[in-house]
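All residue numbers for the sequence shown refer to my numbering, where the first residue is 16 and numbers rise by one. A short worksheet on the structure shown next.
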Amino acid sequence: MADHHSSSIHHIILRTCFRYAAEEDPPARRFFYQQTLDHFNYQPESYVTFRQRYLVNFNYWGGANTAAPILVYLGEESDLDDYIYSIGFLVEKAARFSALLVYIEHRFYGKSNPFGSMEESLQNATQRGYFNSGQALADYGVF
């Protein structure tokens, strides 16, 4: 299943990249990926998904026909909008290497909360069980 999801997200990013490759100053765009809620339990309820937000910044990208790298930022424990433009290191490297920037929001933060709000999720023991570093790292692996 992970190979299918990885393949799907790569196709989405590449389709999006090709669409903006000809523009002079392509926009940073926000997208959502249908992420698996529970990566470690193989019961039927494990296959529930939620919308995980990610952003693709095309401003420095050298294009699809170059050897330009893709730099991926694995979200910290806050809303993606809180830090996206304050990460100078990635932007500097993207400009230097003509890289595509991809930022993935951490589960349970910002618009990537499977259950609505952080407050609601923390009050429910079952929901809180999906809020751990193992699940978050698996999110990034699947992406």
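Note that CB positions come from ideal geometry on N, CA and C, so glycine has one too.
Beta-carbon separation (whole angstroms), residue i vs residue j, contact threshold 8 Å
i, j, result
"A151", "R122", "5 Å"
"Q58", "V157", "About 18 Å separates the two Cβ atoms, so there is no contact after all."
"L86", "L116", "5 Å"
"Y88", "I119", "7 Å"
"S136", "R143", "6 Å"
"N72", "A43", "4 Å"
Sequence-distant residues of its chain with Cβ nearer than 7 Å to residue i (five each side left out)
i, result
"S148", "none"
"F47", "R66, Q67, R68"
"S113", "Y75, W76, G77, T81, A83"
"R45", "R68, L70"
Residue i, enclosing alpha helix (DSSP H) - first and last residue
i, result
"Y48", "Element bounds for Y48: not the alpha helix (DSSP H) but the beta strand (DSSP E), 43-51."
"S148", "148-157"
"Q58", "Taken as a continuous stretch (DSSP letters only), Q58 belongs to no alpha helix (DSSP H), as it is neither H nor E."
Sequence-distant residues of its chain with Cβ nearer than 6 Å to residue i (five each side left out)
i, result
"S61", "D53"
Which parts of the region 66-134 are runs of the beta strand (DSSP E), unbroken and 3 residues or longer, counting only runs that do not cross its ends?
Restricted to the region 66-134, the beta strand (DSSP E) segments that are unbroken, complete and at least 3 residues in length are 85-89, 115-119, listed in chain order.
Counting beta carbon pairs with one atom in the region 123-136 and one in the region 87-94, are three or more of them shorter than 8 Å?
Between the region 87-94 and the region 123-136 there are three or more C-beta pairs closer than 8 Å, enough to call the two in contact.
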